[in-house]
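Enquirer: Once you've had a glance at the structure underneath, I'll fire off some questions.
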Amino acid sequence: MLAGWLIFLMILLSITHGLYSEVPRSLAGIAAWIAGALLFVQVKGLGRTQALVLLGVGLAAMTWGVANGAAVPLEKALSTNQALLAMLAAVSFLRLVILPEATTEEQLPTGPKALWRTLLGVHFFGAVINLSAVMILGDRQSRREALSPTQAIVLSRGFAVASHWSSFFAAMGVALTNAPGAQFTTLSPVGLPIALIALVVTGLTLSRREQGVHFRGYPMQFSALWIPALLSMGVMGCHLVWRELPILTLISILSITLTIVLLLMRNRSEGMERLGQHIANGLPRMRGELTLFLSAGILAAGITAAMDAMALDLAIDHFGAQEATLLLLFMVGISILGVHPVISIATAGSILMPLVADPNLLALTFLMTWALGITTSPFSGMHLAMQGRFGINAYRFPRWNGGFAIFMLLVDSVALHLYANW
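Under the working numbering, the first residue of the sequence shown is numbered 66, with each subsequent residue one higher.
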């Protein structure tokens, strides 16, 4: 319970820093670290191993860098990902008001149309409420019989490709954090058509299969999409008006405000009770993301200190479309081997940012890495969650999504070159 309230305090402190820069961002970082320390004992398996490795490597690099003349990057270590974590925690409140509803008696629709509706539904709901959308749609589809490979692929791809454009996705926060100067208003319009291509290709190829013809979909009511649409337009509109307000702060404010307003409108007493329960019991469930991003902040701080001490001069003197494509191929490749995209992105951002003339190009590469990395890796949080929830072997996803990933790498490469030469 205490950890949940500390995470909520982190949200408030991060928003306060975004509104009033004189308030130190390290205050939000300290609240996050205390919550992370309380919750770390509950982190198990791969998540725990990744966090310990990141902490170990980051602290070692930081110690070496400081010992060789670099300044102690204390604020960077404490606060690198505080705005991102605050955004993720704030977005989690939206689950209280915009989850798609389906009665237990409602029959599942079948056929290609049901596949398309499920694909688009998991994409647009997932773009706002993140992994919860996959779990909710998957739970309903698997209530009477296990998920089929086609159902699993629809959920996996439909959710993951939202990384290209959604402001509510962790990928966007990571990209903006590790490519300072990148603009959401540039990234999202470029990423949206790429996501659209991915959805169309997925829908066309899967709906023609035998499993697609008999596909059991989610009874999606697209009238419920008005809140996600309102949020997305609200973020874009407010960012155009208040450009000085950090986009992650804006998302946090809108998410919390809209949740509270809708809860009060629907049922004041019950709404406030649900809000309190989410703070106390819901927020601590993000312990995996919390420990991963906190430890990634230590890694980024350590790499920065080590590079300062070495006065590292990389061989490349230009970062263009070709370099971005090679970086994308490399980072997706190591994602398949189990390196979480946040690790490769934090490392690449620390090393490459001094060389990058256009941070949007680097941020686009990061978004593409995240989308394809979690689609193809058996170690991604999405696939591990689906394995635990639905009994699907996570090691099947690289085979199921391999051809799709190769196609999307070509699409992404073309998009990077078009953007760089536009």
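For each residue, glycine too, the CB sits at the ideal point set by N, CA and C.
Does the beta-carbon distance from Ala102 to Leu150 come in below 8 Å?
Expert: No, they are not a contact pair.
Enquirer: Checking 8 Å against the spacing of the C-beta atoms, do Val397 and Thr430 come in under that value?
Expert: Going by C-beta atoms, Val397 is not nearer than 8 Å to Thr430.
Enquirer: Could you check if Ser415 is buried or exposed, using at least 16 other CB atoms within 10 Å of its CB as the buried criterion?
Expert: Buried, because 16 or more other Cβ atoms sit within 10 Å of the Cβ of Ser415.
Enquirer: In terms of alpha-carbon separation, which member of Arg90, Ala100, Ile80, Leu78 lies closest to Arg350?
Expert: Looking at the Cα atoms, Ala100 is the closest of the given residues.
Enquirer: Kindly indicate which three-state DSSP category Thr145 falls into: helix, strand or coil?
Expert: The answer is coil: DSSP assigns Thr145 none of H, G, I, E or B.
Enquirer: Sort out for me which residues DSSP pairs Arg331 with in a bridge.
Expert: BP columns for Arg331 are empty, so no partner.
Enquirer: Suppose the cutoff is 7 Å on Cβ atoms and the five residues either side in sequence are ignored; what does the same chain contact list for His482 look like?
Expert: Excluding sequence neighbours, His482 sits near Ala386.
Enquirer: Between which two residues does the alpha helix (DSSP H) holding Ser400 run?
Expert: 386-401 is the span of the alpha helix (DSSP H), which, as asked, contains Ser400.
Enquirer: Please name the residue or residues paired with Thr175 in a DSSP beta bridge.
Expert: Arg281.
Enquirer: Looking at the secondary structure, which residues open and close the alpha helix (DSSP H) in which Trp435 lies?
Expert: First-last of the alpha helix (DSSP H) with Trp435: 424-441.
Enquirer: Pick helix, strand or coil for Gly456, following the three-state DSSP scheme.
Expert: The answer is coil: DSSP assigns Gly456 none of H, G, I, E or B.
Enquirer: Measure the alpha-carbon distance for Glu338 versus Ser197 and round it to whole angstroms.
Expert: Approximately 21 Å, taken between the alpha carbons.
Enquirer: Output the distance between the C-alpha atoms of Gly341 and Phe158, rounded to the nearest integer angstrom.
Expert: One C-alpha to the other measures close to 11 Å.
Enquirer: Do you know offhand how far Ile363's Cα is from Lys141's?
Expert: The straight-line gap from Cα to Cα measures roughly 8 Å.
Enquirer: Is the beta carbon of Ala211 sitting closer than 8 Å to the one on Gly456?
Expert: Yes; because the gap between Cβ atoms is below 8 Å, this pair is in contact.
Enquirer: Phe504: which of Leu355, Ala436, Gly468, Ala365 sits nearest, CA to CA?
Expert: In the structure as shown, the chain begins at 66 and stops at 487. Residue 504 is therefore absent and cannot be evaluated.
Enquirer: Which of the three DSSP states, helix, strand or coil, is assigned to Phe73?
Expert: The answer is helix: DSSP assigns Phe73 an H, G or I state.
Enquirer: Thr145 and Gly282 - do their beta-carbons sit closer together than 8 Å?
Expert: Taking 8 Å as the Cβ cut-off, Gly282 and Thr145 do not qualify as a contacting pair.
Enquirer: Helix, strand or coil for Tyr484? Go by DSSP, reduced to three states.
Expert: In this structure, Tyr484 counts as helix in the three-state DSSP scheme.
Enquirer: Let me know if His383 comes out buried or exposed under the rule of 16 or more other beta-carbons within 10 Å of its beta-carbon.
Expert: It counts as exposed.
Enquirer: Does the Cβ of Ala422 have 16 or more other Cβ atoms within 10 Å, making it buried, or fewer, making it exposed?
Expert: With fewer than 16 other Cβ atoms within 10 Å, it is exposed.
Enquirer: For Val156, does the three-state DSSP call read helix, strand or coil?
Expert: If DSSP states are grouped into helix, strand and coil, Val156 belongs with the helices.
Enquirer: Classify His448 as helix, strand or coil using the three-state DSSP reduction.
Expert: Three-state result, His448: helix.
Enquirer: Drop a sphere of 10 angstroms on the beta-carbon of Ile321, count the other beta-carbons inside from all chains shown, and report buried for 16 or more, exposed for fewer.
Expert: With 16 or more Cβ atoms within 10 Å of its Cβ, Ile321 is classed as buried.
Enquirer: Determine contact between the region 365-377 and the region 123-138, defined as no fewer than three beta-carbon pairs at a distance below 8 Å.
Expert: Touching, per the Cβ criterion.
Enquirer: Tell me which residue opens and which closes the alpha helix (DSSP H) that Gly353 is part of.
Expert: 352-375 is the span of the alpha helix (DSSP H), which, as asked, contains Gly353.
Enquirer: Just to confirm before moving on: does the CB-CB distance between Leu319 and Val306 stay below 8 Å?
Expert: Against a cut-off of 8 Å, the Cβ pair of Val306 and Leu319 comes out as no contact.
Enquirer: Among Val255, Val131, Val162, which has the Cα closest to the Cα of Leu328?
Expert: If we check each option's Cα against that of Leu328, Val162 comes out closest.
Enquirer: Identify which residue in Thr390, Leu241, Thr324, Ala135 has its Cα closest to the Cα of Met473.
Expert: It is Thr390 whose Cα lies nearest to the Cα of Met473.
Enquirer: When you compare only the Cα positions, how much space is there between Arg454 and Arg205?
Expert: One C-alpha to the other measures close to 12 Å.
Enquirer: At 3 residues or longer, what runs of the beta strand (DSSP E) sit wholly inside the region 71-105?
Expert: The qualifying runs do not exist here; there are none.
Enquirer: Measuring straight from C-alpha to C-alpha, what distance separates Phe190 and Pro293?
Expert: C-alpha separation (whole angstroms): 7 Å.
Enquirer: Excluding the 5 residues flanking Leu88 on each side, which residues of the same chain have their C-beta closer than 6 Å to its C-beta?
Expert: Leu is not the amino acid found at residue 88; the sequence shown has Val there. Taken in chain order, the residues that qualify are Thr81, His82.
Enquirer: Give every residue of the same chain whose Cβ lies closer than 7 Å to the Cβ of Leu120, excluding the five residues on either side of it in the sequence, and list them in chain order.
Expert: Contacts found: Ser360, Ile363.
Enquirer: As a quick exercise: from Gly446, Leu295, Gly268, pick the residue whose alpha carbon is nearest that of Leu180.
Expert: The option with the nearest alpha carbon to Leu180 is Gly268.
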